[in-house]
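Undergrad:
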Amino acid sequence: MNKKRIKIAIQKSGRLADHSSDLLKKCGLVVSRNKGQLIGYAENMPFDLLFVRDDDIPSLVKDNLADLGIVGLNVVLEKQFEYTNSTQKELFSIEEYLDFGQCRLSFAYPEVGDIQSLDQLANKKVATSYPFIVSDYLERENFDVEVIKFSGALELAPSLGSADAICDLVSSGRTLRVHNLNEGESILESTAVVIKSQNILDPFKQEWIRKLLERISGVLQVRESKYVMMHAPRNSIDKITELIPGTESPTIIPLEGTDETVALHVVCKEDVFWETLENLKQEGASSILVVPVEKMLV
Ligand code: PRT
Ligand code: ZN
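Dropping the structure here:
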C-alpha cells in the first residue's frame, strides 16, 4: 500500500454510493475502477477510493486504514458511542455536512394501540438499529424504556410482538405509513458527512486533504449559487444589492455612453426567485440575467 496516497472510504452500493462518487468527481477526481473492484485509483490526484459497507466506514477511519470517509451522521454517532461509550471523546473529526442522505431518527408507534408517545412507553420495549443513540437519549430524558437491537425489517417488530414501538430512520415517511405506524418524537436530524482521521501527520497528505475539503465546500456552495447580471441606475446600486439574497459586494462596470446606468454583476449564494427579479425591475434594473455557476473557490 502506497503510504503517500490518501484513502477515502465510501459506500459501495446504497443510498449514499452514487452521491459520494459524484461529489468526488465534481472535485476533480478521475477514478478508474473495474466493476466489482473494491478499490478505485484516482489517475490525476493521490487519492484511492475504498468501496465498503457504510457501517464499516467509521472503524476504517478510526483505525487509520482510511484517511477520510463519507457516511451518514447517524452511523458516525452510533459507532462513536459503541467505541467510546460517550459523545465527548472524538475518534474522527466531522469536516463537512453534505447535502444528501438527509433523514431523521424517529420513534414510531402502531396506529392501533394506546401508546402514541414516549411518556406512555415506560417499562415497555423499543426496537432499533441504533441502540446506543436511542439509549443515550432515553437516559438523558429520564425515560425508563427497554431498548432492543434489531437489524432489518424493523417496521415488523411491533406486529411480531417483539416491541411496543420502534426508533428508525425516516425520510418520506412512506415506510411507516405502509406498516401502519405513526411517527412520533424525532431524536436526530441526519445527513451524510465527511469524517477525517485524527492521526494524519504527513504534511503531503495534510495538504491534499485540505485541498479536497476546500473543493468539497466549493461544490456545496455552487449547487445553489447563481451569477446575476443586469443594467442598473447608478443611484440604486445599494438598494438593488440588498434585494439579492446572500451576496457579497457587486462588481460595477461602467456602460459606454451613459453615466447614470451601470452594469452590475454579483454572485448570489441562494436560488433567485421570480419575485426577486420583479423587485429588482421595480428599482430600475433591466436586462436581468441569472446563470448557474459551474465552479467556485472562495
Ligand atoms: O449495504 P450498506 O450497509 O452499505 O447500506 P445500508 O443498507 O446500511 O444503508 P442505506 O444505503 O439504506 O443507507 C445509507 C444511509 O443513508 C443511512 O445510514 C442514512 O444516513 C441515509 N438515509 C437517508 C437513509 C434513509 N434516508 C432512509 N430512508 N437510510 C435508510 N432509510 C430507510 C429507513 O431505515 C426505512 O427503512 O428507508 C426507510 C424509510 O424511508 P421512507 O422514505 O419510507 O421514510
Ligand atoms: Zn449499513
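Using my numbering, read the sequence shown as starting at -17 and increasing by one per residue.
Ideal Cβ positions, reconstructed from N, Cα and C, are used throughout, including at glycine.
Tell me which same chain residues have a C-beta within less than 6 Å of the C-beta of I169, skipping the five on either side of it?
TA: So the qualifying residues of the chain are L87, Y119.
Undergrad: Out of T173, K131, G266, I177, which one is the CA nearest neighbour of I337?
TA: Residue 337 lies beyond the stretch modelled for the chain, which goes from -17 to 280, so this question has no answer here.
Undergrad: Flag this pair as yes or no: are the beta carbons of I115 and E60 separated by less than 8 Å?
TA: Contact: yes.
Undergrad: Let me check you understand the geometry: is the CB of G10 closer than 7 Å to at least one non-hydrogen atom of the ligand PRT?
TA: No, the ligand PRT has no heavy atom inside 7 Å of this Cβ.
Undergrad: Less than 8 Å between C-beta atoms, sequence neighbours within five positions excluded: which residues of the same chain meet that for M164?
TA: The residue asked about is misnamed: residue 164 is Asn in this sequence, not Met. Once the five neighbours on either side are set aside, the close Cβ partners of N164 are A90, Y91, P92, E93, Q98, L158.
Undergrad: Give the straight-line distance between the Cα atoms of G137 and S207, rounded to the nearest whole angstrom.
TA: Position check: residue 137 holds Glu in this sequence, whereas Gly was assumed. Cα to Cα, E137 sits roughly 39 Å from S207.
Undergrad: Cβ of D290 within 7 Å of any heavy atom in the ligand ZN?
TA: What is shown of the chain runs -17 to 280, which leaves residue 290 out entirely.
Undergrad: I want to check one thing, is the minimum distance from the CB of Q62 to the heavy atoms of the ligand PRT below 7 Å?
TA: Checking the Cβ of Q62 against the ligand PRT gives no.
Undergrad: Express the C-alpha separation of I182 and V127 in angstroms, rounding to a whole number.
TA: Looking at the two C-alpha atoms, the distance is approximately 41 Å.
Undergrad: Using a C-beta cutoff of 8 Å, does Q102 count as contacting chain D?
TA: Absent from the structure: chain D. Only one protein chain is present.
Undergrad: For T173, which option in L47, I(-12), H1, C85 has the closest C-alpha, if you only look at C-alpha atoms?
TA: The residue with the shortest Cα to Cα distance from T173 is C85.
Undergrad: Going by DSSP, what residue range makes up the alpha helix (DSSP H) through F114?
TA: Segment 113 to 122, the alpha helix (DSSP H) holding F114.
Undergrad: Can you check which of these residues, L80, P185, V275, K7, is closest to E252 by C-alpha distance?
TA: Here the closest residue by C-alpha is V275.
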